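In this note's numbering, the protein residues as written are -8 to 105.
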């Protein structure tokens, strides 16, 4: 994926570490970009988080020095992508947007500047 190109939400499970970093910026968690990169957090890892035990979740939070609220935000955004893609509500649209039930909305809930 191009360094400046936003990752496609439909393909989040194949995101590279760099793609995850771009997504973190989009969901206002960019302060974790470097620590996620250092820990090799890619899309496959994010996909697997849904199977984490409580102990694994706490270990991840400690390793990434995350605030609990930020971890909740991360999980909510992952769930939103999964729900939209699995239900077929999210389709590829114009750059920086997705089409959902006939309405154009930002990919990650952040307004895109022109």
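Just so you know, even glycine gets a beta-carbon here, dropped at the ideal spot from N, CA and C. Keep in mind the model is a prediction, meaning the values are calculated, not measured.
Does the beta-carbon of residue i have 16 or more other beta-carbons within 10 angstroms, so that it is buried, or is it exposed?
| i | result |
| --- | --- |
| residue 57 | buried |
| residue 10 | buried |
| residue 46 | exposed |
Out of the options, which has the shortest C-alpha to C-alpha gap to residue i?
| i | options | result |
| --- | --- | --- |
| residue 54 | 41, 23, 18, 2 | 23 |
| residue 26 | 51, 5, 41, 47 | 51 |
| residue 5 | 16, 21, 36 | 36 |
Can you list, in chain order, the residues of its chain whose CB lies under 7 Å from that of residue i, leaving out five sequence neighbours each side?
| i | result |
| --- | --- |
| residue 28 | 8, 12 |
| residue 65 | 20 |
Return the chain-ordered list of same chain residues with a C-beta closer than 6 Å to the C-beta of residue i, the five sequence neighbours on each side being excluded.
| i | result |
| --- | --- |
| residue 3 | 34, 72 |
| residue 62 | 52 |
Could you pull out every residue in the same chain whose Cβ sits closer than 8 Å to the Cβ of residue i, ignoring the five residues on either side in sequence?
| i | result |
| --- | --- |
| residue 43 | 51 |
| residue 30 | 54, 55 |
Would you tell me roughly how many angstroms separate the C-alpha atoms of residue i and residue j, rounded to the nearest one?
| i | j | result |
| --- | --- | --- |
| residue 32 | residue 39 | 11 Å |
| residue 49 | residue 16 | 23 Å |
| residue 60 | residue 70 | 15 Å |
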